[in-house]
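Take a look at the structure set out below.
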Amino acid sequence: MAPQYYPDDTIPTVNSTVVAVEKDNKNSKAAVRWAIEHLVISNPFIILIHVRHKNYQSTSNGDSGESDLHAVFSPFRAYCARKAVQMKEVVIDDSDVSKAILDYVNKNCITNVVAGASQRNALTRKFKGIDVPSSIVKSAPDFCSVFVISKGKLVTARNAQRPALNSAAPPRQPSPQGLPPCIPTEYGDAEHGARPHTRGVLRSGGPEKIIPVRERTKSAPSLLLLDNIDLPSNGSGSSYSRDSTSDESDVLAAFGTFGSVDITGKNFDFGAAPSSPRHSSARQSTQRDIEAEMKRLKLELKQTMDMYSSACKEAIAAKNKAKELSEWKLEESRKFEEARSAEEAALAAAEMEKAKCKAALEAAEIAQKMAEKEAQRRKQAEMMARREAEEKNRALSALSKNEFRYRRYTIEEIKVATDMFSESMKIGEGGYGPVFKGKLDHTAVAIKLLRPDAAQGRKQFQQEVEVLSCIRHPNMVLLLGACPEYGCLVYEYMNNGSLDDRLFRRGNSPPISWRRRFKIASEVATALLFLHQTKPEPLVHRDLKPGNILLDRNFVTKISDVGLARLVPPSVADQVTQYHMTSAAGTFCYIDPEYQQTGKLTTKSDIYSFGILLLQIITARPPMGLAHHVKKAIEKGRLADVLDPAVPDWPIEETLAFANLALNCAELRKKDRPELGSVIVPELKRLKDFGKNFAPDVSQAQSSSNPPTE
Numbered sequence: 001m002a003p004q005y006y007p008d009d010t011i012p013t014v015n016s017t018v019v020a021v022e023k024d025n026k027n028s029k030a031a032v033r034w035a036i037e038h039l040v041i042s043n044p045f046i047i048l049i050h051v052r053h054k055n056y057q058s059t060s061n062g063d064s065g066e067s068d069l070h071a072v073f074s075p076f077r078a079y080c081a082r083k084a085v086q087m088k089e090v091v092i093d094d095s096d097v098s099k100a101i102l103d104y105v106n107k108n109c110i111t112n113v114v115a116g117a118s119q120r121n122a123l124t125r126k127f128k129g130i131d132v133p134s135s136i137v138k139s140a141p142d143f144c145s146v147f148v149i150s151k152g153k154l155v156t157a158r159n160a161q162r163p164a165l166n167s168a169a170p171p172r173q174p175s176p177q178g179l180p181p182c183i184p185t186e187y188g189d190a191e192h193g194a195r196p197h198t199r200g201v202l203r204s205g206g207p208e209k210i211i212p213v214r215e216r217t218k219s220a221p222s223l224l225l226l227d228n229i230d231l232p233s234n235g236s237g238s239s240y241s242r243d244s245t246s247d248e249s250d251v252l253a254a255f256g257t258f259g260s261v262d263i264t265g266k267n268f269d270f271g272a273a274p275s276s277p278r279h280s281s282a283r284q285s286t287q288r289d290i291e292a293e294m295k296r297l298k299l300e301l302k303q304t305m306d307m308y309s310s311a312c313k314e315a316i317a318a319k320n321k322a323k324e325l326s327e328w329k330l331e332e333s334r335k336f337e338e339a340r341s342a343e344e345a346a347l348a349a350a351e352m353e354k355a356k357c358k359a360a361l362e363a364a365e366i367a368q369k370m371a372e373k374e375a376q377r378r379k380q381a382e383m384m385a386r387r388e389a390e391e392k393n394r395a396l397s398a399l400s401k402n403e404f405r406y407r408r409y410t411i412e413e414i415k416v417a418t419d420m421f422s423e424s425m426k427i428g429e430g431g432y433g434p435v436f437k438g439k440l441d442h443t444a445v446a447i448k449l450l451r452p453d454a455a456q457g458r459k460q461f462q463q464e465v466e467v468l469s470c471i472r473h474p475n476m477v478l479l480l481g482a483c484p485e486y487g488c489l490v491y492e493y494m495n496n497g498s499l500d501d502r503l504f505r506r507g508n509s510p511p512i513s514w515r516r517r518f519k520i521a522s523e524v525a526t527a528l529l530f531l532h533q534t535k536p537e538p539l540v541h542r543d544l545k546p547g548n549i550l551l552d553r554n555f556v557t558k559i560s561d562v563g564l565a566r567l568v569p570p571s572v573a574d575q576v577t578q579y580h581m582t583s584a585a586g587t588f589c590y591i592d593p594e595y596q597q598t599g600k601l602t603t604k605s606d607i608y609s610f611g612i613l614l615l616q617i618i619t620a621r622p623p624m625g626l627a628h629h630v631k632k633a634i635e636k637g638r639l640a641d642v643l644d645p646a647v648p649d650w651p652i653e654e655t656l657a658f659a660n661l662a663l664n665c666a667e668l669r670k671k672d673r674p675e676l677g678s679v680i681v682p683e684l685k686r687l688k689d690f691g692k693n694f695a696p697d698v699s700q701a702q703s704s705s706n707p708p709t710e
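In terms of the UniProt record's numbering, the sequence shown opens at residue 1 and continues consecutively.
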């Protein structure tokens with residue numbers, strides 16, 4: 001869309017300085033001051049250009065547009081007057097600001113262009129984000145110098161590359177192919193009076209007479225004038241239409257009596273011919289009529305738009321009302337369905353309650369009969385409980401009186417037997433204290449000495465004396481005597497040491513055959529069953545491991561170290577739990593996981609430790625993660641990979657049964673572990689008998705003939 005200019009040829013524009021101004025832009029004011037101080041010293045004349053958007057022109061009336069222009073240029077008039085600089089105001093209507101300014105510069109051979117830097121606030125920028133100064137710097141002709149000012153300082157400068165070709169020529173005249181020259185009028189001065197500056201002047205085509213006139217005319221009526229008004233052409237009375245195909249010279253001839261015509265259809269300014277004042281008054285009257293018609297049409301259009309808007313609002317309201325009614329109908333239908341469903345559900349629930357009531361009455365009769373039978377059983381159970389309580393109290397009172405059958409040794413006898421606790425006589429070390437080999441009454445004995453700093457040593461000593469002095473079993477270690485003053489325990493001496501020493505072959509001892517290992521497992525299970533069946537309450541060992549299984553000269557198994565053993569009647573369950581919470585009860589990797597978590601000790605706690613011990617008997621491996629490794633090997637069918645390699649002739653089927661039994665014993669939950677008397681002992685006895693059917697193995701004979709010396 002071609003720009004619309006309001007020309008002013010009162011003062012030559014060649015070799016002039018142009019400043020682009022914008023409303024409410026502080027940098028525009030700074031640009032004017034900088035141009036006056038630096039560029040117009042020798043030529044006190046400056047041109048201020050303001051580009052107004054076409055959309056604004058088409059929507060604003062004349063009064064508001066004039067006031068806006070006055071607001072744009074008024075800040076600079078007084079300043080130019082004080083500086084004695086003549087100012088020319090130019091307004092251009094266009095949608096492209098930088099293009100309009102560059103077109104003006106090219107047409108008028110402007111040599112200097114000054115612009116204020118763009119304000120970078122996206123909410124207040126008038127040019128919708130277009131950086132006008134940068135566009136002018138980039139696209140200005142090479143004969144023009146461009147200066148960009150920000151806050152009174154020069155921020156960008158681009159100097160001219162060559163002088164203007166027509167810089168010495170007089171002001172530009174319209175070409176013969178352009179619009180015909182116009183005759184100036186004086187209505188601008190009649191309305192506004194003379195000013196110290198000029199706002200757009202028109203130069204006539206005749207004598208060199210310059211008269212200031214109004215710069216702008218209303219362009220909107222001119223657009224309508226072309227389609228409805230017959231325009232005279234040299235008295236011929238022909239009319240001009242916007243759809244005419246005549247060339248430009250014909251159009252100019254047809255409008256020879258008019259001042260100026262913009263062929264693009266954007267704006268038409270009609271000046272009166274100097275020889276026909278009647279045409280000027282007719283033109284003004286026509287313009288007033290057109291303006292009145294435009295106002296009437298605008299008013300009708302506004303009324304029509306208001307009516308259309310009201311109709312749209314009513315239609316939308318009706319649509320919303322219909323939608324609300326539809327939703328209300330759906331909601332009511334849904335509520336009705338819910339109510340009907342609730343009624344049906346209530347009837348069904350009533351029927352169910354009736355049936356339940358009948359069943360409850362029948363159950364109450366049955367329960368009454370069962371309660372009578374339960375009352376009889378309770379009386380019988382109470383009588384049995386009283387008898388058991390009496391037996392238990394008698395047993396506990398006997399234990400509390402410390403009437404234990406064992407021989408008392410003095411500390412001097414113990415020192416003589418151990419050669420004053422010589423290190424050469426020391427055969428082991430445990431959590432309780434060191435163990436020494438010695439001779440008492442011409443019999444080889446093992447003497448366990450209480451360490452003074454042992455936290456629970458005195459309690460373990462008392463417990464072990466109480467347990468071992470009251471029980472006798474072929475597979476339980478024999479307590480020969482004690483020295484209670486110094487916490488010394490005297491046991492029978494075991495020539496083959498502990499099962500832990502033999503499994504890991506300490507002292508280069510020969511490996512134990514699979515037959516003997518099956519026999520050891522069966523004997524340990526038998527001794528453990530004996531402890532669990534102790535009357536009046538069972539005994540739980542709590543520290544069953546290979547280090548506490550001793551072997552005599554003939555590899556007969558003996559369970560030792562019962563210092564942690566505990567009675568487990570319900571009356572002392574809390575005491576057991578408390579003891580567990582304040583002291584370590586057992587050895588890590590052998591302690592029952594449920595016992596660790598809850599503190600509740602049962603005979604199944606020993607079954608878990610026994611399961612880990614059985615796995616070590618066939619693998620000769622440390623207990624950490626042993627159950628997991630054996631289980632994975634069985635799942636993969638590679639049990640032989642985890643068996644003790646020192647034994648080459650493992651019977652696969654029997655060993656697999658042995659391993660499965662061990663894994664069942666080592667289950668994490670006690671309810672998943674098998675019973676000792678009904679499952680474990682019979683199965684291990686079967687495996688022991690299976691080993692007896694084979695010929696005596698060589699390793700057993702060697703082990704018997706060459707026992708380890710400890």
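Where a beta carbon is used, it is the ideal one built from N, C-alpha and C, also for glycine.
Asked	Found
Buried versus exposed, by CB contacts within 10 Å (16 or more), K558	buried
Residues near A157 in its chain [Cβ-Cβ closer than 8 Å; skip 5 each side]	S145, V146, F147 and V148
Uninterrupted alpha helix (DSSP H) stretches inside the stretch 62 to 142 (no shorter than 4 residues)	62 to 82, 97 to 108 and 132 to 139
Candidates A620, L544 and P484, of which the one nearest D501 by Cα	A620
F555 - DSSP class collapsed to helix/strand/coil	coil
Residue range of the unbroken beta strand (DSSP E) whose run includes P484	Careful: P484 lies outside any beta strand (DSSP E) and carries neither H nor E.
Stretch pair the stretch 659 to 673 + the stretch 589 to 605: three plus CB contacts closer than 8 Å	yes
Inter-residue Cα distance where the pair is V681 and N496	24 Å
Backbone secondary structure at L449 - three-state DSSP	strand
Spatial distance of D592 from Y493 (CA atoms)	30 Å
Beta carbon of G116 nearer than 8 Å to that of R33	no
Of the listed residues S134, S150, N106 and V132, nearest to D142 (C-alpha basis)	N106
Residue(s) in a DSSP beta bridge with V146	V113 and R158
Helix, strand or coil at V467 according to DSSP, with G and I counted as helix	helix
Helix, strand or coil at K153 [DSSP, three-state]	strand
Burial state of A317, where buried means 16 or more other Cβ atoms lie within 10 Å	exposed
Residue environment, N228, which counts as buried when at least 16 other CB atoms sit within 10 Å	Any reading at N228 must be qualified, since the residue scores a pLDDT of 37, below 50, and its modelled position is unreliable; no value is offered.
For R199, the three-state DSSP class (helix, strand or coil)	At R199 the pLDDT is 44, less than 50, meaning the model places this residue with poor confidence; the figure from the coordinates comes in the next sentence. Coil at R199, not helix or strand.
Host beta strand (DSSP E) of residue 723 (start-end)	In this structure the chain extends from 1 to 710, so residue 723 is not present and cannot be described.
Pair within 8 Å by beta-carbon distance, N475 and A521	no
For P434, the nearest candidate out of V490, R386 and K379 (CA to CA)	V490
Nonlocal neighbours in the same chain, by C-beta distance under 6 Å from T598, ignoring five residues either side	none
Rounded distance between the beta-carbons of L503 and P546, thought under 8 Å	6 Å
CB contact flag (V85, V40, <8 Å)	yes
Extent of the continuous alpha helix (DSSP H) to which L676 belongs	Run containing L676: none; DSSP gives neither H nor E here.
CB contact flag (V97, V21, <8 Å)	no
Spatial distance of E362 from A371 (CA atoms)	14 Å
Distance, Q119 Cα to N25 Cα	8 Å
Nearest-angstrom Cα separation, counted from S310 out to L299	16 Å
Boundaries (first-last residue) of the beta strand (DSSP E) holding H50	F45 to R52
In chain order, each alpha helix (DSSP H) run of at least 4 residues that lies wholly inside the stretch 636 to 691	652 to 665
8 Å Cβ cutoff met for P536 and E391	yes
Distance between beta carbons of I617 and R517, contact taken as under 8 Å	5 Å
Beta-carbon spacing of L687, E654 below 8 Å	yes
Residue range of the alpha helix (DSSP H) that includes P593	P593 to T598
Beta-carbon proximity check, S498 vs I549, cutoff 8 Å	yes
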